[in-house]
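Student:
Number of protein chains: 2
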Amino acid sequence: MKLDKGLMAGSSTMLVLTLLESGDMYGYQMIEELSRRSNQVFQMQEGTLYPILHTLEKGKYLSSYEQQAPTGRMRKYYKLTRKGRELLGEKKSEWEKFHSGVEAVLSFS
Amino acid sequence: MKLDKGLMAGSSTMLVLTLLESGDMYGYQMIEELSRRSNQVFQMQEGTLYPILHTLEKGKYLSSYEQQAPTGRMRKYYKLTRKGRELLGEKKSEWEKFHSGVEAVLSFS
DNA sequence: ATATTATACCTAGATATTCAAGGTATTGTC
DNA sequence: GACAATACCTTGAATATCTAGGTATAATAT
Chain A
1 MKLDKGLMAG
11 SSTMLVLTLL
21 ESGDMYGYQM
31 IEELSRRSNQ
41 VFQMQEGTLY
51 PILHTLEKGK
61 YLSSYEQQAP
71 TGRMRKYYKL
81 TRKGRELLGE
91 KKSEWEKFHS
101 GVEAVLSFS
Chain B
110 MKLDKGLMAG
120 SSTMLVLTLL
130 ESGDMYGYQM
140 IEELSRRSNQ
150 VFQMQEGTLY
160 PILHTLEKGK
170 YLSSYEQQAP
180 TGRMRKYYKL
190 TRKGRELLGE
200 KKSEWEKFHS
210 GVEAVLSFS
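Here the protein sequences line up with chains A and B, keeping their order.
According to my numbering, the first sequence holds residues 1 to 109 in order.
According to my numbering, the second sequence holds residues 110 to 218 in order.
Okay, structure coming up:
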């Protein structure tokens, strides 16, 4: 992830779900989008992303379908399910809590 | 930690170092202080904290000394070294970067 | 034509971090 | 005298990331 490995733990799933909020995407695209939207802060590795996608799909948080690209290549698209949206809500509120905790400690005087 | 375990990874060291910025502390006290300053968001476990302290001391980021409490009990105080302050600076700037990345992704429209 | 790069998917093993659950010992409280 | 709070510590399981590999197709450069 280019950043301290540890920092990413726990937020990767939220970031992936967030990406899918704006539309279905395939894995490779998510990596590019995440980099773009974060202003190049996040360079998620494939070895990180694909297991996350598989786990989320197994848990019914995502569904997937294959679709042929204009180039002729097959791409595996992922779609947020209702359950996935709920999970995203929980992840976001956990992030809020965590974030506010860190900021409180950092700005303590 | 009470929060998603993963979220903590990577920030615990920064939080511990930050506590010591305001003065020497002993382990048990750090757990209470961290909880207090974070408005009860963080309840660090002893099994998390002590290994962190030992690793930081081994790396010369902290030094320690024993001191008797008014109660008569021995407490092991930790103190930030110059090297520790430098590490804290790096950790803080990494947190800034990470934080800005997450916020950028979350607020993307 | 052929080699290289970019696209697109995947997995196994090493590493790092937290937590649960235990242990030791002293002090204060009921 | 028993129990809770204080204060330190370690081991093993669980979780998450990354490295480094693998497979295959399409586009580009030589």
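Every residue gets a Cβ at the ideal spot worked out from N, C-alpha and C, and that includes glycine.
Assign Thr180/B to buried or exposed, taking buried as 16 or more other Cβ atoms, counted over all protein chains shown, within 10 Å of its Cβ.
Tutor: Exposed, by the Cβ-count rule.
Student: Between the C-alpha atoms of Glu199/B and Met139/B, what's the straight-line distance to the nearest angstrom?
Tutor: Roughly 21 angstroms between the two C-alpha positions.
Student: Within the 8 angstroms Cβ cut-off, does Asp4/A reach chain B?
Tutor: By this cut-off, Asp4/A is an interface position.
Student: Using a Cβ cut-off of 8 angstroms (strictly closer), state whether Thr127/B contacts chain A.
Tutor: Output row for Thr127/B: interface = yes.
Student: Would you say Leu112/B and Lys92/A are within 8 angstroms of each other, going by their C-beta atoms?
Tutor: The answer is no: Cβ separation not under 8 angstroms.
Student: Determine, for Arg37/A, whether the minimum Cβ-Cβ distance to residues of chain B falls below 8 angstroms.
Tutor: True, the Cβ-Cβ gap to chain B drops below 8 angstroms.
Student: With a threshold of 7 angstroms, establish whether the CB of Gly156/B neighbours any heavy atom of the ligand FAD.
Tutor: Absent from the structure shown: the ligand FAD. Ligands present: none.
Student: Tell me the DSSP bridge mates of Glu66/A?
Tutor: Glu66/A is bridged to Lys76/A.
Student: Closer than 8 angstroms is the cut-off here; do at least three beta carbon pairs connect the segment 125-136 of chain B with the segment 170-185 of chain B?
Tutor: Touching, per the Cβ criterion.
Student: Below 8 angstroms on C-beta distance, what does Leu15/A contact in chain B?
Tutor: Near Leu15/A (Cβ distances below 8 angstroms), the residues of chain B are Val211, Val214.
Student: Identify the contact partners of Ala118/B in chain A, using a Cβ-Cβ distance below 7 angstroms as the criterion.
Tutor: Result: Gly6, Ala9, Gly10.
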